[in-house]
Every structure is written in structure tokens, then in C-alpha cells.
Amino acid sequence: MSTPAIDIVCNLFTPEVIASRPAWSKQFLGGKVNASDTTLAGLTVEQHLAALDAANVEHALMIAPKMGREGLSESWRLDPMRIVDLVQAHPDRFSGLIGIDPFEGMKGVRELERMVTEYGMVGAHLYPHWFELAPDHARYYPFYAKCAELGVPVQMQVGHCLRYSHDNPLPSVGRPILLDTIACHFPELKIIGIHVGWPWTEEMIAVSYKHPNVYIGIDAYAPKYLDPKLVSYLNGWGSDKVMFGTDFPVIPHARAREEIAAWNLRPESEAKLMRENALRVYNLKPATR
């Protein structure tokens, strides 16, 4: 864990936030994800900072997620001002990402602009499956255009989605190849396909290799189970295209770092994966502490 890391996909998971989430969330994390009882109880901000320190993670991009249309019974979203307050209290440790709901239209686009220009959020975040719209649907395009105009990246889950709620299973709408169309239409937009695109990881590699503005986030899956082709890519010809993430609490920071260490990456590839690519893509300032 010699290289200080930047986690590009991280969730605020305090006891207060947990209490606001729907019942399926705990069932999903405790069942499909097999999160520990300690994790499911939540971490205070101070405890989360200690966990980041223990794993040598110097900075984390914190999501204000929008999971489904507002008002629907299975949907949930985090008030972005919670993330704003967190970042303002710990600007050296956290940055914010604003969630996208394509059904909000220009209201959502204006919120995106305000969160970036007034509150310093460094990018946008999207769960296409929660809206049952593929990421190349026209409803997203005003958000992509605004991100390109503002010069901030958009990260979005690609690959298949799990069964979060038994009462509301969602279709897997995010094949990585769909990012090819978006990248052709928005060559100035920085696009990060998070969750590695599994089980179409090789497809995700192909799209990121084709387009200078497409990247891969290796979050949400334990590193020891990632496709060897992806490890080979990030350790060689794709070393500029892949970024570290956990989707905490899905993957604990320490576990991710330990399993990545077992890959025995070239030092320059490890530095790009864990830190340098995120600094460049998200235009972050290196830590001075």
C-alpha cells in the first residue's frame, strides 16, 4: 500500500444515512454483498476517516446518489447537501459527485450546474438501471452536454445490475458498448464506466481503448476476482485508462488495497491506477498533508 490512493466511487454510510435508506438496502448488502454486521451498522465520519487512513486512501469521491425516480416506493436518494457539508468539513479528504435523474429534465441540469459551480462538486454519477433507460437514451443528453460544458466527468454503472429489491427487480440496461455511442457524440465529455462492466469487461476494455475520453473504474467487485484481462490491461497498454474505486461499503478499502497489492503491478502502473489517473481526470489537487 505504498501509493496513496484516491477512491473514485465511495458512499457516505453513517448510521443516519442508513436509517434513511429503504429496507431492501440492508437486505441487499447483508445478502448479495455479504457485508459485515459492523459495516451494516454504519460508520461515523471520524470512523470512516480512520478506515481511509488505515488503507492509505488519501481522498475519496463521495456520491450523492439518485436511485430511481423521486417518490417511487423502492427509490432512494441522498440529499446532496449532506455531501456538500461533508466536503466543506474535510476538503482535503473528500470531494462530491452529484447524482443524475434523467426524468428531472432541465431542473436536474440546473442542479448539476449549481452543485459544480457553487458547491465545488467535481463530477456527476449515474445509475442507468434505476431509471430503466440505457445510458445512450436521449433523456441523459442534456446532462452529458452540461458536464462537457463544465469540464467535469460523469461516471456511470455499466455491466449487469444485481437484484436489489425482490419487489422491484431492475433490467440490466448498461452494456459497456453503449458508451461507444455517447463518446462519439460527446468527444469532450470524460466518461468513466464504473463497476468494471462485468460480465462484459472485455467490451469495456475495448470501448476505453477506442476513445481517449472513456475510462474504467474498478469498484464494486473484489479485486481478486477481476478478469485477468483487465489486470493485464491496467498494468500495460491501458495504464492511463483505469482508476481505483471501492463503491464502499460494497468493498472495504483495506480489502481492496490488499488484493490489489497481490497483483504485483509495475510501480508506474500502480501509481496511475491508485492515484495519478484520478488526479488528472477529475482535475484534483494533490494532497498536501
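Numbering (our numbering), first residue to last: 1 to 289.
Note that the Cβ used here is the ideal one computed from N, Cα and C, for glycine as well.
*Give the range of the alpha helix (DSSP H) segment to which A51 is assigned.*
Taken as a continuous stretch (DSSP letters only), the alpha helix (DSSP H) holding A51 covers V45 to A54.
*Report the option in W200, W198 and A261 whose CA atom is closest to the CA atom of K224.*
Here the closest residue by C-alpha is A261.
*Can you list, in chain order, the residues of its chain whose CB lies under 6 Å from that of E188, leaving out five sequence neighbours each side?*
Closer than 6 Å at Cβ, skipping near neighbours: A148.
_Euclidean distance between Cα positions of C184 and N11_ = Cα to Cα, C184 sits roughly 30 Å from N11.
*Give the single residue among V57, E58, I100 and D92 whose Cα lies nearest to the Cα of L78.*
Nearest of V57, E58, I100 and D92 to L78, Cα basis: I100.
*Taking only runs of the alpha helix (DSSP H) that begin and end inside the region 120–168, which ones reach a length of at least 4 residues, in chain order?*
Runs of the alpha helix (DSSP H) lying entirely within the region 120–168, each at least 4 residues long, are 141–150 in chain order.
*Could you give the distance in angstroms between the alpha-carbon of A54 and the alpha-carbon of A138?*
Distance between A54 and A138, taken at the CA atoms: about 43 Å.
*Beta-carbon spacing of V173, E202 below 8 Å*: Between V173 and E202, the gap from beta carbon to beta carbon reaches 8 Å or more.
*Roughly how many angstroms lie between the CA atoms of L179 and A41, to the nearest whole one?*
The alpha-carbon of L179 is positioned some 36 Å away from that of A41.
*E103 (DSSP reduced to helix, strand or coil)*: The residue asked about is misnamed: residue 103 is Phe in this sequence, not Glu. Assignment of F103 by DSSP, reduced to helix, strand and coil, places it in the helix class.
*Should P286 be labelled buried (16 or more other beta-carbon atoms within 10 Å of its own) or exposed?*
Its Cβ having fewer than 16 others within 10 Å, P286 is exposed.
_the region 87–104 touching the region 47–65, judged by at least three CB pairs closer than 8 Å_ = Verdict: yes, contact present.
*In angstroms with no decimal places, state the Cα-to-Cα distance between P176 and P80.*
For P176 and P80, the gap between their C-alpha atoms comes out near 27 Å.
*Between T3 and the rest of its own chain, which residues show a CB-CB distance below 7 Å, the 5 nearest in sequence each way excluded?*
Here the set comprises E270, A271, M274 and R275.
_Need the endpoints of the alpha helix (DSSP H) that E259 sits in, please._
Taken as a continuous stretch (DSSP letters only), the alpha helix (DSSP H) holding E259 covers H253 to A261.
*Just curious, the alpha helix (DSSP H) that Y209 is in, first and last residue?*
It spans T201 to K210 - the alpha helix (DSSP H) in which Y209 sits, taken as one unbroken run.
*Within 10 angstroms of the Cβ of M106, are there 16 or more other Cβ atoms? Answer buried if so, exposed if not.*
Counting every other CB atom within 10 Å of its CB across the protein chains shown gives M106 a total below 16, marking it as exposed.
*Touch check for the region 212–231 and the region 250–267: three-plus C-beta pairs under 8 Å?*
The region 212–231 is in contact with the region 250–267.
*asked:* Taking a contact to mean a Cβ-Cβ separation below 8 Å, would you say M243 touches I8 in this structure?
replied: If you check the CB distance, M243 and I8 come in under 8 Å.
*What do you reckon, are the CB atoms on I192 and G217 nearer than 8 Å?*
Yes, the pair counts as a contact, with Cβ atoms nearer than the cut-off.
*Considering only C-alpha positions, which residue in the set R82, Q47, E74 and V122 is nearest to R21?*
With distances taken between Cα atoms, R21 lies closest to E74.
*Just how far apart, CA to CA, sit M156 and I194?*
In this structure, the CA atom of M156 is about 6 Å from the CA atom of I194.
*Among R280, A23 and V17, which residue has its Cα nearest to the Cα of P153?*
Here the closest residue by C-alpha is R280.
*Return the residue from the list G71, M62 and H125 that minimises the CA-CA distance to R82.*
When the alpha-carbon of R82 is set against those of G71, M62 and H125, the nearest one is in M62.
*Note down, in chain order, each residue of its chain lying with its Cβ closer than 8 Å to the Cβ of N235, except the 5 sequence neighbours on either side.*
For N235, where only same-chain residues beyond five positions count, the Cβ hits under 8 Å are W263, L265, R266 and S269.
*Cutoff 8 Å; reference K146; Cβ partners in own chain excluding five residues on either side*: Listed in chain order, the non-local C-beta contacts of K146 below 8 Å within the same chain comprise V109, L112 and E113, local neighbours out to five positions each way being set aside.
*Got a sec, what are the start and stop residues for the beta strand (DSSP E) V57 sits in?*
Run containing V57: V57 to A64, per the beta strand (DSSP E) assignment.
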